[in-house]
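Q: With positions in the sequence shown counted from 1, the corresponding number in the numbering used here is that position plus 1259.
All C-beta atoms, glycine included, are put in the ideal place defined by N, C-alpha and C.
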Amino acid sequence: MSTGGLDAALAIVGGQVSTFVLFSHDGYGLGHVRRNTLIARALLARRPRARVFLVTGIETRPAWLADARFVVVPVPSLVKDAEGVYRSNGQSFEQALDRRAEIFERLVSDVRPDAVLVDRHPLGTAGELEPGLEVARAQGAVALLGLRDVLDDPATVAAELAGGGWENAADLYAEALVYGAPSLCNHEREYGVPLPLRYCGWVTTRVASRAVDETLVAVAAGGGGDGEDVLRLAIEVLLARPERRAIVVAGPYARRSLLLESRRRLGARLRFGRGLDGCGELFARAGVTLQMGGYNTTFEALGAGARPIVAPRRAPRREQAIRASRLAALGLADVVDAGAGGDEVSWLLDQPRRLAPGALRRAGITLGGAARAAERLLEAAPVGAR
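1. Less than 9 Å between the beta carbons of residue 1291 and residue 1378, yes or no?
2. From the DSSP output, in three-state form, read off residue 1213 for me.
3. Between residue 1571 and residue 1349, what straight-line distance do the alpha-carbon atoms span, to the nearest angstrom?
4. Taking the beta carbon of residue 1274 as the centre, do at least 16 other beta carbons fall within 10 Å, making it buried, or is it exposed?
5. Can you name, in chain order, every residue of its own chain whose Cβ lies under 6 Å from the Cβ of residue 1244, other than the five neighbours on each side?
6. Run through DSSP, which three-state label would residue 1350 get?
7. Identify the residues that DSSP records as bridge partners of residue 1567: which are they?
8. Classify residue 1502 as buried or exposed, calling it buried when 16 or more other Cβ atoms lie within 10 Å of its own Cβ.
9. Out of 1508, 1580 and 1622, which one is the CA nearest neighbour of residue 1597?
10. What would DSSP say about residue 1474, mapped onto helix, strand or coil?
11. In the DSSP assignment, what residue or residues form a beta bridge with residue 1627?
12. Given a cut-off of 9 Å on the beta-carbon distance, is the pair residue 1277 and residue 1327 in contact?
13. In whole angstroms, what is the alpha-carbon distance linking residue 1260 and residue 1357?
14. Going by the C-beta, is residue 1404 closer than 8 Å to any heavy atom of the ligand ADP?
15. In three-state DSSP terms, what is residue 1639?
16. Going straight from the alpha carbon of residue 1488 to that of residue 1602, what length do you get?
17. With DSSP run on the structure shown, which of helix, strand or coil describes residue 1278?
18. Find the nearest neighbour of residue 1344 within the set 1541, 1613, 1576 and 1536, judged by alpha-carbon distance.
19. I need the DSSP call for residue 1412, collapsed to helix, strand or coil.
20. Which parts of the stretch 1339-1408 are runs of the alpha helix (DSSP H), unbroken and 4 residues or longer, counting only runs that do not cross its ends?
21. Please list the terminal residues of the continuous alpha helix (DSSP H) segment that includes residue 1319.
22. Using the C-alpha atoms, what's the distance from residue 1375 back to residue 1394?
23. Cβ of residue 1372 within 9 Å of Cβ of residue 1462?
24. Would the beta-carbon of residue 1554 fall within 9 Å of that of residue 1408?
25. Among 1335, 1516 and 1473, whose alpha-carbon lies nearest the alpha-carbon of residue 1547?
26. In chain order, which alpha helix (DSSP H) runs of at least 4 residues are fully inside the stretch 1501-1538?
27. For residue 1263 and residue 1331, what's the separation of their Cα atoms in angstroms?
28. Give a yes or no on whether the C-beta atoms belonging to residue 1558 and residue 1506 are separated by under 9 Å.
29. Cutting at 6 Å between CB atoms, please list the residues of its own chain near residue 1283, excluding the five before and the five after it.
30. Which one of 1423, 1459, 1418 and 1416 has the shortest CA to CA distance from residue 1435?
31. Give me the Cα-Cα distance between residue 1595 and residue 1367, rounded to the nearest whole angstrom.
32. Along the chain, where does the alpha helix (DSSP H) that runs through residue 1546 open and close?
33. Could you tell me the alpha carbon to alpha carbon distance between residue 1641 and residue 1442, rounded to whole angstroms?
34. Less than 7 Å between C-beta atoms, sequence neighbours within five positions excluded: which residues of the same chain meet that for residue 1335?
35. Whole angstroms is fine: what's the gap from residue 1364's alpha carbon to residue 1440's?
36. Tell me which residues share the same chain as residue 1522 and place their Cβ nearer than 7 Å to its Cβ, disregarding the 5 neighbours each side in the sequence.
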């Protein structure tokens, strides 16, 4: 992995057979870049000599982003605050957008990708990808849009699709890859997405079964910036259940003072997970999983055989709440309000917290999305075509 900027990335151009550029939308959550990272790995497993450039603005470097086989191209970070407004550290929002547009366009111009995959927002946060996408189209690249299983409530998505963020999307993109299945959320019927749709299944990891420690509670609070309610809930649950202990994965944006408070109140019964390549291994061996309702941690839990207790975020988007309620209706999760008290949640710890064999298959949940997305990208870059 290279983090030395665009010049370092471009220094490796040449000599290989196919090229892919993956752009990851940025926010408090790390799910956007996590999905693209898993797809990049799937691409390289199938075509080891391919060049893969992963463009992202996350300021941290989680362990799972370290892979010498692809190049990380940094752009200025845009982080969503509690009101849903994007901000950039050290420069104005407009300056950050200009720089992001410049880097993306130059990268596309110089590496001439066979395919471009953009996560979630077709033109970027505020249109900064459009110039680079126009260059990619002129060069003959195939552009694909990656979409989560659930975007938001239909009215909110309808307003988004009618706005400038989707202008020209149908001209720029060949199709949308939906990282889910229509049985959980049908993007044509519920949202009216104006692109051909290809449902790939969920992009996540799946781990083999492990010996389960019934005393262990795995707590996942997303990227950490919006996971304080889940962490506080976990503290209350553990105070009510002294026979339990927890490992907390709070993410890089968690407030340090809250983490220290958690350790002070629970002592050795609480540890923090650091440097994990996802949470799958932890979820596989924990007797209980308590988490937010974000895409990545939810399906890592399901892929590890856990039946999670989900405390979804409900603002600024309702995506997590919708996902959690639909999974609960399928019998795959329990849902609690993030403001619930520990006593309200404690009894759930004693309910079956592991999925029955075949539960995901019966519910229409397939977890091979990274491989299927990679296969579509490879269709756009046949060996020897350029």
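A: Straight from the coordinates:
1. In the sequence shown, counting from the first residue as 1, residue 1291 sits at position 32. In the sequence shown, counting from the first residue as 1, residue 1378 sits at position 119. Yes. Within cutoff.
2. Nothing can be reported for residue 1213: it is not among the residues displayed for the chain, which extend from 1260 to 1645.
3. Here residue 1571 is taken as the residue at index 312 of the sequence shown, counted from 1. Here residue 1349 is taken as the residue at index 90 of the sequence shown, counted from 1. Looking at the two C-alpha atoms, the distance is approximately 31 Å.
4. The residue labelled residue 1274 in the question sits at position 15 within the sequence shown. Per-residue confidence for residue 1274 stands at a pLDDT of 49, beneath the threshold of 50, marking its modelled position as unreliable; the derived number appears in the next sentence. Result: exposed.
5. A question about residue 1244 goes unanswered here, because the residues of the chain that appear run from 1260 up to 1645.
6. By 1-based counting over the sequence shown, the position of residue 1350 is 91. Three-state result, residue 1350: coil.
7. Here residue 1567 is taken as the residue at index 308 of the sequence shown, counted from 1. Answer is none; residue 1567 lacks a bridge partner.
8. Locating residue 1502 in the sequence shown gives position 243, counting from the first residue. By the 10 Å Cβ count, residue 1502 comes out exposed.
9. Reading the sequence shown from its first residue, position 338 is the one you call residue 1597. Among 1508, 1580 and 1622, the Cα nearest to that of residue 1597 belongs to 1580.
10. The sequence position of residue 1474 within the sequence shown is 215, counting from 1. In this structure, residue 1474 counts as strand in the three-state DSSP scheme.
11. Sequence index remark: in the sequence shown, residue 1627 carries index 368 (1-based). Paired residue(s): 1462.
12. Residue 1277 sits at position 18 when you count from the first residue of the sequence shown. Residue 1327 sits at position 68 when you count from the first residue of the sequence shown. No; because the gap between Cβ atoms is not below 9 Å, this pair is not in contact.
13. Numbered from 1 along the sequence shown, position 1 holds the residue referred to as residue 1260. Numbered from 1 along the sequence shown, position 98 holds the residue referred to as residue 1357. Because the pLDDT at residue 1260 is just 38, under 50, the model does not fix this residue reliably, and the value given afterwards should be weighed accordingly. Taking the straight line joining both Cα atoms gives about 25 Å.
14. Ligands in the displayed structure: none, and consequently the ligand ADP is not present.
15. Reading the sequence shown from its first residue, position 380 is the one you call residue 1639. Residue 1639: coil per DSSP, three-state reduction.
16. On the sequence shown, position 229 is the one that residue 1488 refers to. On the sequence shown, position 343 is the one that residue 1602 refers to. In a straight line, the C-alpha of residue 1488 is about 15 Å away from that of residue 1602.
17. As a first step, residue 1278 must be located in the sequence shown, where it is residue number 19. Residue state, collapsed to three classes: strand.
18. The sequence position of residue 1344 within the sequence shown is 85, counting from 1. Comparing Cα-Cα distances from residue 1344 to each of 1541, 1613, 1576 and 1536, the minimum goes to 1576.
19. Residue 1412 sits at position 153 when you count from the first residue of the sequence shown. Three-state result, residue 1412: coil.
20. 1352-1370 and 1389-1398
21. Position 60 of the sequence shown holds residue 1319. Element bounds for residue 1319: n/a, residue is neither H nor E.
22. The sequence position of residue 1394 within the sequence shown is 135, counting from 1. The sequence position of residue 1375 within the sequence shown is 116, counting from 1. Their Cα atoms are separated by approximately 11 Å.
23. By one-based count along the sequence shown, residue 1372 stands at place 113. By one-based count along the sequence shown, residue 1462 stands at place 203. Against a cut-off of 9 Å, the Cβ pair of residue 1462 and residue 1372 comes out as no contact.
24. By 1-based counting over the sequence shown, the position of residue 1554 is 295. By 1-based counting over the sequence shown, the position of residue 1408 is 149. It is a contact, given that the beta carbons lie within the stated cut-off.
25. Within the sequence shown, residue 1547 is the residue found at index 288, counting from 1. Comparing Cα-Cα distances from residue 1547 to each of 1335, 1516 and 1473, the minimum goes to 1473.
26. 1515-1525
27. Position 4 of the sequence shown, counted from the first residue, corresponds to residue 1263. Position 72 of the sequence shown, counted from the first residue, corresponds to residue 1331. Reliability of the predicted coordinates at residue 1263 is poor, the pLDDT of 47 falling under 50, and no value is obtained from them.
28. For the purposes of this step, residue 1558 is identified with residue 299 of the sequence shown, where counting begins at 1. For the purposes of this step, residue 1506 is identified with residue 247 of the sequence shown, where counting begins at 1. No. Outside cutoff.
29. Position 24 of the sequence shown, counted from the start, is the residue given in the question as residue 1283. Excluding positions up to five away in sequence, the list reads 1291, 1292, 1295, 1315 and 1378.
30. Counted from its first residue, the sequence shown places residue 1435 at position 176. Ranking 1423, 1459, 1418 and 1416 by Cα distance to residue 1435 puts 1459 first.
31. The residue given as residue 1595 occupies position 336 in the sequence shown. The residue given as residue 1367 occupies position 108 in the sequence shown. So the two alpha carbons sit approximately 44 Å from each other.
32. Locating residue 1546 in the sequence shown gives position 287, where the first residue counts as 1. Counting along the chain, residue 1546 falls outside any alpha helix (DSSP H), though it belongs to the beta strand (DSSP E) covering 1545-1550.
33. Residue 1641 sits at position 382 when you count from the first residue of the sequence shown. Residue 1442 sits at position 183 when you count from the first residue of the sequence shown. So the two alpha carbons sit approximately 32 Å from each other.
34. Mapped onto the sequence shown, residue 1335 falls at position 76. Excluding sequence neighbours, residue 1335 sits near 1316, 1347, 1350, 1355, 1358 and 1359.
35. Here residue 1364 corresponds to residue number 105 of the sequence shown, with the count starting at 1. Here residue 1440 corresponds to residue number 181 of the sequence shown, with the count starting at 1. C-alpha separation (whole angstroms): 32 Å.
36. Residue mapping note: residue 1522 aligns to position 263 of the sequence shown, counting from 1. Excluding positions up to five away in sequence, the list reads 1529.
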